[in-house]
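So for the sequence shown, the UniProt record's numbering puts the first residue at 1; every next one is plus one.
The next block holds one structure in the form of structure tokens; read it before the comments.
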Amino acid sequence: MGKIVALANQKGGVGKTTTAINLAASMAVLGKKVLLVDADPQANATSGLGLDINGKGIYDCITGQAQPAEIILKCPDVKKLDVLPSSINLVGAETELLEIEDGQRRLKAILEPLKPQYDFILIDCSPSLGLVTLNALVASDSVLIPVQCEYFALEGLGKLLNTIKMTKTKLNPGLEIEGFLLTMYDSRLRLANQVAGEVREHFGDLAFRTIIQRNIRLSEAPSFGKPALLYDASSTGSINYLNLAKEFIKKNKS
């Protein structure tokens, strides 16, 4: 039975989609069957893997116009990686979900039947705490929170943690924090080391040991529609995410 993990942070530009793409691809390369769910209207996780953002997507599942099996795409370059794509249409889901009975659990109803088919289902959430992100939290077993090693990184984290706590209390008692992932790390910067130190001190074992360093190859890869591992396997970013995948899999061994 697969585990559903939401990647969430309402602050944009923290490396959330980069993490979703590269963690999913790295785990697939390591032999795990992975489904990446793009729950962001920007559809960057979809386009970043070279897939079409103009076809049917998760919005059609939410509105009942299509079943996931009709929409799920196979990643052309990574054998064990599937994608439930997104499109700009997902913007309308915020309104649609208000009108659907038990709308907060819509995504759970869509993903729950898929769990036996995958080892891991990763949900790339939008940089907001709207109804679609709430749906992702309700559907998930845990939340992975990327934290950039920059000024204001910890600002707003309290709001996200309160949302997770509220979701756990009222809608999803089994929801746990998978961990905090330090991203965009530059060891030359005093501030980056300070933020990393604060996260580790405050969250202890919940902080992943693997740190994602700032790397130009990670930024370039999506424009070629590839995960960093296939764009430049020897790059620092590729190695970081491969190490993260190994740590993640080891942590989740029963």
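We put the beta carbon where it would ideally sit given N, CA and C, even for glycine.
{"Asked": "Pairwise C-alpha distance: residue 219 and residue 103", "Found": "35 Å"}
{"Asked": "Supposed contact pair residue 157 and residue 167 - C-beta distance, whole angstroms, cut 8 Å", "Found": "16 Å between Cβ atoms; not a contact."}
{"Asked": "Contacting residues, own chain, Cβ-Cβ under 8 Å from residue 189 (five flanking each side not counted)", "Found": "149"}
{"Asked": "For residue 206 and residue 195, the rounded distance between their alpha carbons", "Found": "15 Å"}
{"Asked": "Residue(s) in a DSSP beta bridge with residue 213", "Found": "185"}
{"Asked": "Cβ distance (whole Å) where residue 57 is taken to contact residue 76 below 8 Å", "Found": "Not confirmed; about 17 Å, so no contact."}
{"Asked": "Cβ-based burial, residue 35 [other Cβ within 10 Å; buried from 16]", "Found": "buried"}
{"Asked": "Alpha-carbon spacing of residue 212 relative to residue 130, whole angstroms", "Found": "27 Å"}
{"Asked": "Three-state class that DSSP yields for residue 120 in the structure shown", "Found": "strand"}
{"Asked": "Alpha-carbon to alpha-carbon, residue 200 and residue 187", "Found": "15 Å"}
{"Asked": "Range covered by the alpha helix (DSSP H) that runs through residue 68", "Found": "68-71"}
{"Asked": "Inter-residue Cα distance where the pair is residue 95 and residue 62", "Found": "11 Å"}
{"Asked": "CB contact flag (residue 236, residue 146, <8 Å)", "Found": "no"}
{"Asked": "Reduced DSSP category for residue 179 - H, G, I as helix; E, B as strand; rest coil", "Found": "strand"}
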